[in-house]
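To convert, take the position in the first sequence, counting from 1, and add 44; that gives my numbering.
No residue lacks a Cβ here, since even glycine has one placed at the ideal position from N, Cα and C.
See below for the structure under consideration.
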Amino acid sequence: MYQAARGTSDILPEEQPYWHYVEQKAADICRLYGYQRIDTPIFEDTSLFSRSAGEYSDIVQKEMYTFEDRGGNSLTLKPEGTPPVCRAYIQHGLSNRPQPVKLYYITPIFRYDRPQAGRYRQHYQFGCEAIGEADAALDAEVIEMSWQFFKSLGLTRFSLQINSIGCKQCRPGYLVELTEYYAGYRAELCKDCKTRLEKNPLRLLDCKQAGCQRLADAAPRNLDYLCFECKEHFSNLQKYLEILSIPFEVNHRLVRGLDYYTRTVFEFQPEEEGSQSTLGGGGRYDYLIEELGGKPTPGIGLAIGIERTILNLKKENVRVPILPGLKVLMTNVGEETRDESMKIAAMLRREGISATSTAGGKNLKAQLRQANSLGVRYAIIIGENEVKTGTVTVRDMADSSQKTVPVSDLVSFIKKEA
RNA sequence: GUGAGUGUAGCCCAGCGGUUAAGGCGCCAGGUUGUGGCCCUGGAGAUCGAGGGUUCAAAUCCCUCCACUCACCCCA
45 MYQAARGTSD
55 ILPEEQPYWH
65 YVEQKAADIC
75 RLYGYQRIDT
85 PIFEDTSLFS
95 RSAGEYSDIV
105 QKEMYTFEDR
115 GGNSLTLKPE
125 GTPPVCRAYI
135 QHGLSNRPQP
145 VKLYYITPIF
155 RYDRPQAGRY
165 RQHYQFGCEA
175 IGEADAALDA
185 EVIEMSWQFF
195 KSLGLTRFSL
205 QINSIGCKQC
215 RPGYLVELTE
225 YYAGYRAELC
235 KDCKTRLEKN
245 PLRLLDCKQA
255 GCQRLADAAP
265 RNLDYLCFEC
275 KEHFSNLQKY
285 LEILSIPFEV
295 NHRLVRGLDY
305 YTRTVFEFQP
315 EEEGSQSTLG
325 GGGRYDYLIE
335 ELGGKPTPGI
345 GLAIGIERTI
355 LNLKKENVRV
365 PILPGLKVLM
375 TNVGEETRDE
385 SMKIAAMLRR
395 EGISATSTAG
405 GKNLKAQLRQ
415 ANSLGVRYAI
425 IIGENEVKTG
435 TVTVRDMADS
445 SQKTVPVSDL
455 VSFIKKEA
């Protein structure tokens, strides 16, 4: 039997209310903060991703779904949302619009990773990018927006961590300090951290191994090595967050796994203990546009995992609105009444009232049972009597009351009752 | 990529070497000649995750593979 490919899943009708709810709230919050929707292709030139995420990032090293098309081009299924939006910003000359340009998306993301609860090979992200402005006020707004998004969904048990990882001016100096510090403890590092020391020393800080954690706690802090501008940027960010009453925690070990981040990085974490500790996160990327071939342009973005958000909605027992279902089911007694029943169903639909007629030659009892399990408000019964008199029997499934209504009055009757 | 656990009808699950694999939910039908939800009765639905092996005999023991879950890694 065929089954969905590993790490992918079907979203059945019962789950859809959650998805609709989250997507709706995302659209609402974006409207509130002036973000406009953008959709980019599901695959891009492989180099767009390998250039931006960083040669030694896990995404590029082992998680990309890369394939060659018939023309011999190397393409990759979107492993993250930011680079395609930056590409679109450059390609369409969005730098000519009022800055910052604020865009959002809801997109599938593909990463070849070992599946786990809350972790999939195809998952969905709600992401925002604000491009063309370096002011920390914008960082604060983006973070506040994420905060309000989770709040508006009804989530209460999550927290926010922020950090600054500096810029081109100050990071190299810090990395030298960090590397020198760790070089002294080389022997005590775990296997992964030994490679991190060579390839990507910043990542040493968020290793979870107990021994490495001790070293990380005592390691030189990025925040102590920030240049004047970065320091000011970070203190402004904190000031703004306080003005906006967003509670946060500074975590000097928060670094994030993508090389293009500069200055601000942030992460939202659910309070609940679990293996998946990130609900969403993001950061500033002031060199990315330039690296991808555009003119120097600062930007900041965020990405929120929709599956993880839904997981937490369930954990917190948030009730989501049910989606409107079918309003009317046409039932008929006797074969000759089918034509009339089809006609009336069509009439109702043209008036914007959802209606279908039962299929097959079932008896009335079975048809009503179907009406019951579909949860329709009305079952409309048509038998020979009704056809003869040009009427219809309208049964209100909620209270079992029935009324005989002339076909000519049916639409207004149902609209009035609703 | 590494380690551990699990895998029985659409769903939840009993059985853990021996005649036709049990139960609940759901589904379908009957109990009403034109009437749902409750109740009663009946029915359909399972090559016991897949393949191979051990045995007179395997859902039950062994091996391989696949999937899911958990931990690591990493992230959303």
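Cβ neighbours of D72 within its own chain (closer than 8 Å, five residues either side excluded): S196.
Around the C-beta of T433, fewer than 16 other C-beta atoms lie within 10 Å, and the residue is accordingly described as exposed. With contacts defined by Cβ atoms closer than 8 Å, E360 and L199 form a contacting pair.
Excluding sequence positions up to five before and after P123, its CB lies within less than 7 Å of the CB of F93, I103, E107, M108, I153, F154, R155, all in the same chain and listed in chain order. Assignment of V420 by DSSP, reduced to helix, strand and coil, places it in the coil class. Annotation: the stretch 185-241 contains the following complete segments of the alpha helix (DSSP H) (minimum length 4 residues), in chain order: 215-227.
As DSSP reads the structure, N376 sits in a beta bridge with I426.
By the beta-carbon neighbour count (other beta carbons within 10 angstroms, threshold 16), Y218 is buried. Closest by C-alpha distance to S398, out of N416, P368, I425, is P368. The stretch 130-137 and the stretch 108-121 do not touch, with fewer than three beta-carbon pairs separated by less than 8 Å.
At least 8 Å separates the beta-carbon of F194 from that of F272.
Taking the Cα of A415 as reference, the smallest distance to any Cα among Q320, L370, D261, E395 is reached at L370. Residue I150 holds the alpha-carbon nearest to the alpha-carbon of T84 among I150, G378, G404, Q166.
In the DSSP assignment, L121 falls within the beta strand (DSSP E) that extends over 118-121. The DSSP-derived three-state label of T448 is strand. Following the DSSP letters along the chain, one finds E88 inside the beta strand (DSSP E) bounded by residues 87-89. Residue pairing by DSSP places A174 opposite K146, I344 in a beta bridge.
The beta carbon of L267 sits closer than 6 Å to the beta carbons of H296 from its chain, once the five residues preceding and following it are set aside; these are given in chain order. By alpha-carbon distance to R81, the top candidate from S96, K146, F457, D54 is K146. Annotation for E315: no beta strand (DSSP E) segment contains it, and DSSP assigns it neither H nor E. Just measuring C-alpha positions, the residue of L373, V294, E188 sitting nearest I287 is E188. Annotation for E351: the continuous alpha helix (DSSP H) segment containing it runs 350-359. Within the same chain, and ignoring the five residues on either side of V294 in sequence, the residues whose Cβ sits closer than 7 Å to its Cβ are I206, N207.
The Cβ neighbour count for Y329, taken over all protein chains shown within 10 Å, is at least 16; the residue is labelled buried. I348 places its beta carbon less than 8 Å from that of G324. Bridge pairing for I153: H167 [DSSP]. Leaving aside the five residues that flank V449 on each side, the residues in its chain whose CB is nearer than 7 Å to its CB run, in chain order, T435, V436, V438, F457. Residue range 60-77 is occupied by the alpha helix (DSSP H) that includes E67, with no beta strand (DSSP E) assigned at that position.
At the C-beta level, P216 and G176 stay beyond 8 Å of one another. Three or more beta-carbon pairs separated by less than 8 Å are not found between the stretch 153-172 and the stretch 236-255, which leaves the two stretches without contact.
In this structure L408 is not in contact with L373, their Cβ atoms being roughly 12 Å apart against a cut-off of 8 Å.
Between the C-alpha atoms of T400 and K69 there is a straight-line separation of about 31 Å. Non-local beta-carbon contacts of V364 in its own chain, meaning distances under 6 Å to residues more than five positions away in sequence, involve P61, Y62, Y65 in chain order.
Close CB contacts of R163 within its chain, under the 7 Å cut and outside five residues either way in sequence, are with D157, Q320 (chain order). Judged by DSSP secondary structure, T435 falls within the beta strand (DSSP E) whose first and last residues are 435-440. For the 8 Å CB-CB criterion, T341 and S139 form a contact.
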